[in-house]
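These notes concern the structure reproduced below.
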């Protein structure tokens, strides 16, 4: 894959393509074995990844970032159980699309409306030349490895500068709780990895990386957050460590899992009596 910016790579091809992504770094962070097993082990069981949570996220993304594509990808069905004959007949009739319930459609519309109500998010979405689902590829200068990322939205702000948006669906979009979610899901790694990588791939300065969080449940409240410099530097250290590990495993073709020794552990602090 030639380093650069691509606007026309289907999402399935991107996820199945070459180069190390942030999700790959997450696997490496758990253990190199997890990365290898999830991507190369022929024994890996086949699972249906179209979970309810994933669908909620996909609907919100499309409603906000690609509203003109929504009716091309999804078909709103009758307000009946998906176990009924009526629903199954409807799904068979529209097998070329993802069939959704009326409440799922309405929730996605409300989510998009609330995210657009955030002034700076609305401005970024209205930026001339803004693009959704932009794939970026670059060569890491320290390891020589091919890397990739795919920002949800790239908004040109001025000559040579862009703002990256990333949409997250979550149960609680308050800034305090979402900050905890950033730590749990290593979104600080995504911020640093995407910002550094997109600059290398495009030559454009990333002026800001903005998380747009929206709640999955009514009233689908939304907020926009940016990490402070200290948090972004931690993300940079984390991805650098993971990327170095990945490069070493590729070089040696050794993908270790957890320790093979009997390790001594201690209970977490909260499990002990207060006295």
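Residue numbers (the working numbering): 11 to 285.
Every residue, glycine too, gets a C-beta built ideally from N, C-alpha and C.
All of these numbers come straight from a predicted model, not from anything done at the bench.
Extent of the continuous alpha helix (DSSP H) run through residue i
| i | result |
| --- | --- |
| residue 228 | That residue, residue 228, is in no alpha helix (DSSP H); it is neither H nor E in DSSP. |
| residue 32 | 32–40 |
| residue 241 | 239–262 |
| residue 147 | First-last for residue 147: 145–149, but that is the beta strand (DSSP E), not the alpha helix (DSSP H). |
| residue 67 | 62–75 |
| residue 98 | 95–103 |
| residue 21 | 21–25 |
| residue 195 | 185–195 |
| residue 132 | 129–135 |
Limits of the unbroken beta strand (DSSP E) element including residue i
| i | result |
| --- | --- |
| residue 14 | 14–16 |
| residue 156 | 156–159 |
Beta bridge counterpart(s) of residue i as assigned by DSSP
| i | result |
| --- | --- |
| residue 168 | 171 |
| residue 215 | 171 |
| residue 180 | 225 |
| residue 86 | 110 |
| residue 234 | 222 |
| residue 141 | 164 |
Closest by C-alpha distance to residue i, when choosing among the options
| i | options | result |
| --- | --- | --- |
| residue 81 | 147, 108 and 202 | 108 |
| residue 26 | 39, 40 and 11 | 11 |
| residue 23 | 92, 160 and 271 | 160 |
| residue 130 | 174, 252, 117 and 102 | 174 |
| residue 92 | 136, 73, 74 and 114 | 114 |
| residue 267 | 105, 281, 48 and 218 | 48 |
| residue 218 | 163, 125, 122 and 195 | 163 |
| residue 105 | 66, 83, 168 and 38 | 83 |
| residue 118 | 228, 269, 53 and 275 | 228 |
| residue 263 | 280, 195 and 50 | 50 |
| residue 123 | 69, 143 and 88 | 69 |
| residue 155 | 261, 200 and 33 | 261 |
| residue 21 | 239, 143 and 277 | 143 |
Cβ-based neighbour list, residue i, same chain, cut-off 8 Å, excluding 5 preceding and 5 following
| i | result |
| --- | --- |
| residue 188 | 178, 180, 182, 221, 223, 233 and 235 |
| residue 198 | 192, 237, 241, 242, 244, 245 and 248 |
| residue 215 | 170, 171, 172 and 209 |
| residue 270 | none |
Cut-off 6 Å between Cβ atoms - residues of its own chain near residue i, not counting five sequence neighbours on either side
| i | result |
| --- | --- |
| residue 19 | 145 |
| residue 246 | 202 |
| residue 63 | none |
| residue 157 | 29, 30, 148, 150 and 207 |
| residue 259 | 42 and 265 |
| residue 135 | none |
| residue 200 | 32 |
For residue j and residue i, believed in contact at Cβ under 8 Å, the rounded distance
| i | j | result |
| --- | --- | --- |
| residue 211 | residue 13 | 6 Å |
| residue 253 | residue 35 | 7 Å |
| residue 141 | residue 17 | 6 Å |
| residue 132 | residue 74 | 10 Å between Cβ atoms; not a contact. |
| residue 139 | residue 112 | Not quite, the Cβ-Cβ distance comes to about 35 Å (not below 8 Å), so this is no contact. |
| residue 66 | residue 226 | 5 Å |
Close-in-space but distant-in-sequence residues of the same chain around residue i (CB under 7 Å, 5 per side omitted)
| i | result |
| --- | --- |
| residue 90 | 96 and 97 |
| residue 46 | 265 |
| residue 86 | 110, 112 and 115 |
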